[in-house]
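Report on the structure given below.
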Amino acid sequence: MRDRDVFGADAHRYLDGEPFGELSGAEFAAADRLVAEAREYAQRLGNLDPALDEAVMAAVRDRVPSRQHGRLDWLLAPRTVRVRPVWAAVLAVAAALVVWFAPRASVPAGQGAPSVRTATDTVFVRFELAAPQARSVSVAGSFNGWRVGALTMSRTAGGVWSATVALPVGEHRYEFVVDSTQWVPDPTAHAQVDDGFGGRNSVIVVGPKGLVRS
Amino acid sequence: MIHELGSVQPSDGTIVHRVLAGDVEQYRVLVERYRAEFGRYAIAAVGDRDAAQDAMQEAFIRAFDALATCREPDRFGAWFFRILTNQCRNVVARRRDTVPVEDLDPPGADRTDLGLERGELGAALEAALARLTPEQREAFVMKHVDGRSYEEMAELLGVGVDALKMRVHRARDAMRSMMGALR
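Chains A and B, in that order, are what the protein sequence lines are. Using my numbering, the first residue of the first sequence is number 1, and each one after it goes up by one. Using my numbering, the first residue of the second sequence is number 215, and each one after it goes up by one.
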């Protein structure tokens, strides 16, 4: 490469929009020509066809984002659940965040889903969150496919939102979704885990005979 | 508490959460947003509109499949750009593997990929671009075709500003030499 075919340091500073020293007329002309050609080229490029948007959506519509794959795999995997005997005390301190009920008292016979579980492996759990300013709150978690709105909460006195759901024995992860947009971990959960993309998921452990740890 | 207002678009992070929660149609917002943002880059990077369309489509599908690995959903754009960059490099590499070097954008040959006529302003630049290294080409395109700042480029590429300046400087020198030879 011949010297006259490359830009000097001041020409590069000029092209970078930085303070520069003396430049010859030829250097100015070469630099300006390069910029002008790049601009012209950019205008001629235009952009990609918006039809691409639908092509992408048609391709992904039948797929499941990997987060749901992971959660389902995790939920279906065999695991040992450990339940601390002091769970009741934890719940009390946590302002009655989670309350369990005997399933047979709440589920009329014959109304369960096809995969209805026995009384010993399904527990009704009540979630609560104090959010007086919220317009809506729901619970999204591993037990409902992380779908926003799948488990909506009802507002009670004092701005406390609550919802009850039957959970199978095992460990579950969840977050509250405030106003359909803001994902909030349970501030009183005994454990929070990395959700894999910058946030934290709360953990609840449902044991046999209705033992719950949250 | 954050509420969405009528004229305010939801953030990338909000949309990523919605998609992962099962609202797949929300992904279209990200596709529209970043097809427009990075489309010109993709065309320039691979030098062919159809190939760029394919690279962009494949990048969006790969990003969807790997969405849970996007650790900073509010920076989806930068994360996606790296996927797109890899796709574009793959396209160029495949083409180089299958097309004899002497057939790759020979100087003086007519270029019709982008609808440009030989002799038009910008055509010499296009031919010279095809001969840069992938790193130099993407740096030059981002700086002078997309008009991005070095700081923005550093954010998107995950490369330091000084290193990017060096790439752009070398690209300019190579472009000047090649374009001079073409005239």
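Using N, Cα and C, we set each Cβ at its ideal position, and we do this for glycine too.
For residue i, which three-state DSSP category applies?
| i | result |
| --- | --- |
| residue 28/A | helix |
| residue 168/A | strand |
| residue 106/A | Unreliable placement is indicated for residue 106/A, whose pLDDT of 35 sits below 50; no coordinate value is reported for it. |
| residue 230/B | helix |
| residue 113/A | Its pLDDT being 27, under 50, residue 113/A is placed unreliably by the model, and nothing is read from it. |
| residue 150/A | coil |
| residue 301/B | helix |
| residue 101/A | Confidence in residue 101/A is poor, its pLDDT being 43 and thus under 50, which makes the residue's placement unreliable; the coordinate value appears in the next sentence. Of the three classes helix, strand and coil, the one that applies to residue 101/A here is strand, per DSSP. |
| residue 78/A | Confidence in residue 78/A is poor, its pLDDT being 35 and thus under 50, which makes the residue's placement unreliable; the coordinate value appears in the next sentence. Three-state DSSP puts residue 78/A in coil, outside helix and strand. |
| residue 390/B | helix |
| residue 381/B | helix |
| residue 354/B | helix |
| residue 175/A | strand |
| residue 342/B | helix |
| residue 160/A | strand |
| residue 327/B | Confidence at residue 327/B is low in this model, with a pLDDT of 43, below 50, so the placement of that residue is unreliable and no value is reported for it. |
| residue 63/A | coil |
| residue 285/B | coil |
| residue 307/B | helix |
| residue 320/B | Because the pLDDT of residue 320/B is 36, which lies under 50, any placement of that residue in the model is unreliable, and the number read from its coordinates should be weighed accordingly. Correct three-state label for residue 320/B: coil. |
| residue 69/A | Note that residue 69/A scores a pLDDT of 43, beneath 50, so its modelled location is shaky; the value from the coordinates is reported in the next line. Note: residue 69/A maps to helix in three-state DSSP. |
| residue 86/A | Residue placement at residue 86/A is poorly supported in this model, since its pLDDT is 42, which falls under 50; the coordinates are not used for a value here. |
Please identify the residue among the options whose C-alpha is closest to the C-alpha of residue i.
| i | options | result |
| --- | --- | --- |
| residue 134/A | 53/A, 168/A, 160/A and 151/A | 160/A |
| residue 199/A | 177/A, 13/A and 207/A | 177/A |
| residue 337/B | 39/A, 9/A and 18/A | 39/A |
| residue 55/A | 232/B, 242/B and 248/B | 242/B |
| residue 167/A | 14/A, 204/A, 129/A and 49/A | 204/A |
| residue 17/A | 237/B, 391/B, 361/B and 345/B | 361/B |
| residue 391/B | 345/B, 247/B and 355/B | 345/B |
| residue 230/B | 298/B, 308/B, 286/B and 275/B | 286/B |
| residue 128/A | 6/A, 186/A, 25/A and 20/A | 186/A |
| residue 363/B | 9/A, 7/A and 15/A | 15/A |
| residue 299/B | 262/B, 275/B, 252/B and 279/B | 252/B |
| residue 234/B | 6/A, 162/A and 60/A | 60/A |
| residue 281/B | 386/B, 357/B, 255/B and 232/B | 232/B |
| residue 138/A | 149/A, 10/A, 144/A and 32/A | 149/A |
| residue 382/B | 367/B, 393/B and 278/B | 367/B |
| residue 189/A | 179/A, 46/A, 152/A and 172/A | 172/A |
| residue 11/A | 25/A, 169/A and 31/A | 31/A |
| residue 215/A | 289/B, 356/B and 284/B | Examination of residue 215/A is not possible in this model, given that chain A is present from 1 through 214 alone. |
| residue 165/A | 151/A, 174/A and 156/A | 151/A |
| residue 277/B | 378/B, 245/B and 355/B | 245/B |
By the DSSP assignment, the beta strand (DSSP E) with residue i in it spans what residues?
| i | result |
| --- | --- |
| residue 206/A | 200-206 |
| residue 194/A | 192-194 |
| residue 247/A | No answer is possible for residue 247/A: the residues shown for chain A start at 1 and end at 214. |
| residue 182/A | 182-184 |
Alpha helix (DSSP H) containing residue i: first to last residue?
| i | result |
| --- | --- |
| residue 252/B | 241-260 |
| residue 139/A | Per DSSP, residue 139/A belongs to no alpha helix (DSSP H); it is in the beta strand (DSSP E), 137-141. |
| residue 366/B | 364-371 |
| residue 279/B | 263-279 |
| residue 10/A | 9-15 |
| residue 52/A | 51-60 |
Please confirm whether residue i has its beta-carbon closer than 8 Å to some beta-carbon of chain D.
| i | result |
| --- | --- |
| residue 52/A | As a matter of chain content, chain D is missing from the structure shown, whose protein chains are A and B. |
Compile a chain-ordered list of the residues in the segment 161-174 of chain A whose CB is closer than 8 Å to at least one CB of chain B.
-> none
Using a Cβ-Cβ cut-off of less than 8 Å, give me the residues of the segment 5-18 of chain A that come near chain B, in sequence order.
-> 5, 6, 7, 12, 15 and 16
Members of the segment 230-247 of chain B near chain A, C-beta cut-off 9 Å | 230, 231, 232, 233, 234, 235, 236, 237, 238, 239, 241, 242, 245 and 246
Contacting positions in the segment 25-49 of chain A - beta carbon closer than 9 Å to chain B = 30, 31, 33, 34, 35, 36, 37, 38, 39, 40, 41, 42, 43, 44, 45, 46, 47, 48 and 49
Taking any Cβ of chain A, which residues in the segment 340-359 of chain B have a Cβ under 7 Å from it, in chain order?
-> 340, 358 and 359
Closer than 8 Å, Cβ to any Cβ of chain A: which residues of the segment 251-277 of chain B, in chain order?
-> 253, 254, 256, 257, 258, 263, 266, 267, 270, 271, 274 and 275
If contact means a Cβ-Cβ distance below 7 Å, which residues of the segment 140-163 of chain A contact chain B?
-> Residues of the segment 140-163 of chain A whose Cβ lies closer than 7 Å to any Cβ of chain B, in chain order: 140, 145, 146, 147 and 148.
Name the residues in the segment 291-307 of chain B whose C-beta lies less than 8 Å from a C-beta of chain A; which are they?
-> none
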